[in-house]
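All remarks here apply to the structure that follows.
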Amino acid sequence: MAIVVSSEAAARAVVVSSKDAEREVDIPVKLVIDKEKKRVVFAEADGDFADILFSFLTLPMGTIIRLLAQHSDQSKQLNIGNFNTLCSSVKNLDAKYFVTDVSKDLLTNTRNLADYECRRLRINIDDTKPAQHFVCQNLDCIVDQDLPSLSTCNIAKCRRCGDYLKTPINFLDDMRENNSGVFFAQTASFIITDALNVFPNTMGSTFEILEMAGVSDFGVLEETTLQFGSHEILELLKCSLFSKTPLSDMVFGEKDIVKDIVLIPSFQCRISTEHIYGFINMTVNVLVQKSTKKILLAQTAEDFVEFLFGFLAMPLGRIISFLGESFSSDGTVENLHNSLPNLDVGRYFKFDELRQILLYPEVDYGSYHSLYFRKEWSRDFYYTSRRESSYEEDTFHLTREGGPVMKIEHPKEYLRGPKMFLVTDDLIVTPFSSMSCITYLHSLKVSPGDVEEHQINIGPEEALNLLRACMISTSVLNNGLGSLQVF
């Protein structure tokens, strides 16, 4: 046998070219507008638009940061909590601190593990190169092992022999045409509120939304159509993260957006860790200002930095799942996630697996200090052998159609160690040196006698608090760890 390697607003709405077909693509969406209050009351859309809208949940945070940076005027760039700074820290860290160049690339070019589905969207805004898959070059490790190893990078190791998984393997049905929708049936119809709550398009849903919107006179309503191309989809992604009325902003112009949140009282609430398993605790040394009890910086080994960098690989939907009711944002994107259980499989979702992909998107990252769900849902990858002709050997391919199951492996280590790093409150990560620490404290105008060192244990609760802080704050260490009562 052999393993085969194969080669803005209605008035300004634009039609753009699709990357996957040399034809213009746009999707018309009907909007019902309150012409007196100049707001969108709701939108009516089919499965194609719903596919695109819900695909936002599958995008890794690093990909979202990159797409919005490309889409936005640099003078008006918006920050998602502290993810932008974290992304810059990865880019600015010298490659010598990473195990391989691939290790850094996995974090600077985060990949969507739902790309198999998302590449079939009518409009796919993610221009990241599709993930490759690799297996062991030793065929016995595939045919003679339960759950043979599979990876999306060539620096993970085979569980059987310990060699790197370097041999590419492709999907048998990778380029299969499918015109029946991605997550939803194309013929399904949805009603979407201005805050991105999604309901089945029924009379009951319509009148409920009108009541919630305070519409008492049908005469104030009118219908218009907005053509969505890739520019509009990117704009909607941005508005979903930074606005409570994203559809109205698309039509009537954006409102002022608060760019930064520094201290957030709601961080006093606890996050449930019942669904977290296998988290390996870490120890971090922090410098605290005695007069203010604020964390100034942390000195940490590579394990804590790998944990923080892993935030960039997390899809948006997974973060919402992790944080649950504790999730908060400047926008309304969580309403998409919260709408998923209300959409039935069969009538709306094509399969339950597709709903699970949106509820719990998988992460293309897996260090020893990653966050995992206790009842982790994961999609099965199968392999099959196929003979192209009677003169050729059987070849291995991946498939979604069933067969022997493969197990996804991750590199586990991304940074070289042992190495100490300096991490500031806003997650600027640099190699540690005593002078860099002194220089940073001097820039904060902190005197030597006003600092003290504390050691903090990072467990699942602290890990989730840091994730929440990174999502909505620019003071991540203080908001994530400041409530530990150890200072």
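Going by our numbering, the sequence shown opens with residue 1307, and the numbers climb by one from there.
For every residue, glycine included, the Cβ atom is placed at its ideal position computed from N, Cα and C.
Any idea what DSSP makes of residue i, helix, strand or coil?
{"i": "F1657", "result": "coil"}
{"i": "L1665", "result": "helix"}
{"i": "E1600", "result": "The question names Glu, but residue 1600 is Lys in the sequence shown. It is a strand residue."}
{"i": "T1369", "result": "helix"}
{"i": "F1348", "result": "strand"}
{"i": "Q1595", "result": "strand"}
{"i": "F1248", "result": "Here the chain comprises residues numbered 1307 to 1793, so residue 1248 is not present and cannot be evaluated."}
{"i": "A1775", "result": "helix"}
{"i": "P1717", "result": "coil"}
{"i": "A1769", "result": "helix"}
{"i": "L1374", "result": "helix"}
{"i": "A1462", "result": "coil"}
{"i": "H1703", "result": "strand"}
{"i": "A1420", "result": "coil"}
{"i": "S1673", "result": "strand"}
{"i": "P1737", "result": "strand"}
{"i": "I1539", "result": "helix"}
{"i": "V1752", "result": "coil"}
{"i": "T1690", "result": "strand"}
{"i": "T1406", "result": "coil"}
{"i": "V1651", "result": "strand"}
Residue range of the alpha helix (DSSP H) that residue i falls in?
{"i": "H1760", "result": "Careful: H1760 lies outside any alpha helix (DSSP H), inside the beta strand (DSSP E) at V1757 to I1764."}
{"i": "T1512", "result": "M1509 to M1518"}
{"i": "S1627", "result": "L1622 to L1629"}
{"i": "S1742", "result": "S1740 to S1749"}
{"i": "I1358", "result": "G1353 to S1361"}
{"i": "E1528", "result": "Element bounds for E1528: not the alpha helix (DSSP H) but the beta strand (DSSP E), L1527 to F1534."}
{"i": "L1787", "result": "V1782 to L1787"}
{"i": "K1472", "result": "Run containing K1472: none; DSSP gives neither H nor E here."}
{"i": "K1435", "result": "Element bounds for K1435: n/a, residue is neither H nor E."}
{"i": "S1645", "result": "V1639 to S1645"}
{"i": "V1611", "result": "E1608 to F1615"}
Is the closest heavy atom of the ligand COA to the C-beta of residue i under 7 Å?
{"i": "N1785", "result": "The ligand COA is not among the ligands present in this structure, which contains no ligands whatsoever."}
Need the endpoints of the beta strand (DSSP E) that residue i sits in, please.
{"i": "D1446", "result": "Run containing D1446: none in the beta strand (DSSP E); it sits in the alpha helix (DSSP H), D1446 to V1449."}
{"i": "N1398", "result": "Per DSSP, N1398 belongs to no beta strand (DSSP E); it is in the alpha helix (DSSP H), F1389 to N1398."}
{"i": "K1713", "result": "V1711 to I1714"}
{"i": "D1340", "result": "I1333 to D1340"}
{"i": "F1496", "result": "S1495 to T1499"}
{"i": "V1488", "result": "Taken as a continuous stretch (DSSP letters only), V1488 belongs to no beta strand (DSSP E), as it is neither H nor E."}
{"i": "F1633", "result": "Counting along the chain, F1633 falls outside any beta strand (DSSP E), and DSSP gives it neither H nor E."}
{"i": "F1505", "result": "V1504 to P1506"}
{"i": "F1727", "result": "M1726 to T1730"}
Using C-beta distances below 8 Å, list every residue in its chain close to residue i, excluding the 5 sequence neighbours before and after it, in chain order.
{"i": "Q1492", "result": "D1352, G1353, D1354, N1485 and S1486"}
{"i": "P1571", "result": "Confidence in P1571 is poor, its pLDDT being 43 and thus under 50, which makes the residue's placement unreliable; the coordinate value appears in the next sentence. Cβ neighbours of P1571 beyond the five flanking positions: none."}
{"i": "T1512", "result": "F1348 and I1497"}
{"i": "F1255", "result": "The question about residue 1255 has no answer here: the residues shown for the chain are numbered 1307 through 1793."}
One question on the structure: do residue i and residue j come within less than 8 Å of each other, judged by their Cβ atoms?
{"i": "P1667", "j": "A1420", "result": "yes"}
{"i": "I1601", "j": "V1592", "result": "yes"}
{"i": "L1704", "j": "Y1689", "result": "yes"}
{"i": "I1577", "j": "L1629", "result": "yes"}
{"i": "E1768", "j": "S1673", "result": "no"}
{"i": "T1473", "j": "T1369", "result": "no"}
{"i": "L1772", "j": "L1392", "result": "no"}
{"i": "M1712", "j": "F1687", "result": "yes"}
{"i": "I1256", "j": "L1547", "result": "This structure does not reach residue 1256, given that the chain is present from 1307 up to 1793, and the question cannot be answered."}
{"i": "F1657", "j": "L1649", "result": "no"}
{"i": "L1543", "j": "F1362", "result": "yes"}
{"i": "L1412", "j": "Y1671", "result": "yes"}
{"i": "V1752", "j": "Q1595", "result": "yes"}
{"i": "K1300", "j": "T1531", "result": "Not covered by the structure: residue 1300. The range shown for the chain is 1307 to 1793."}
{"i": "T1364", "j": "I1714", "result": "no"}
{"i": "P1552", "j": "L1502", "result": "yes"}
{"i": "H1627", "j": "L1665", "result": "In the sequence under discussion, the amino acid at residue 1627 is Ser, which differs from the His named in the question. In this structure, L1665 lies closer than 8 Å to S1627 by Cβ."}
{"i": "E1528", "j": "K1341", "result": "yes"}
{"i": "M1556", "j": "P1366", "result": "no"}
{"i": "S1554", "j": "R1417", "result": "no"}
{"i": "I1429", "j": "V1504", "result": "no"}
Starting from the C-beta of residue i, find all residues in its chain whose C-beta is less than 6 Å away, skip the five residues before and the five after it, and write them out in chain order.
{"i": "S1676", "result": "G1616"}
{"i": "P1766", "result": "T1579, I1582 and F1585"}
{"i": "T1406", "result": "I1461"}
{"i": "G1786", "result": "N1771, L1772 and A1775"}
{"i": "S1634", "result": "I1778"}
{"i": "L1478", "result": "H1703 and T1705"}
Ordered along the chain, which non-local residues of its own chain (more than five positions away) have a Cβ less than 7 Å from that of residue i?
{"i": "V1782", "result": "N1388, D1731, D1732, L1733, L1772, A1775 and C1776"}
{"i": "V1488", "result": "D1357, E1423, R1426 and L1427"}
{"i": "N1784", "result": "K1600, I1601 and D1731"}
{"i": "N1390", "result": "I1371"}
At least 3 beta-carbon pairs within less than 8 Å: the segment 1438-1452 vs the segment 1395-1408: no
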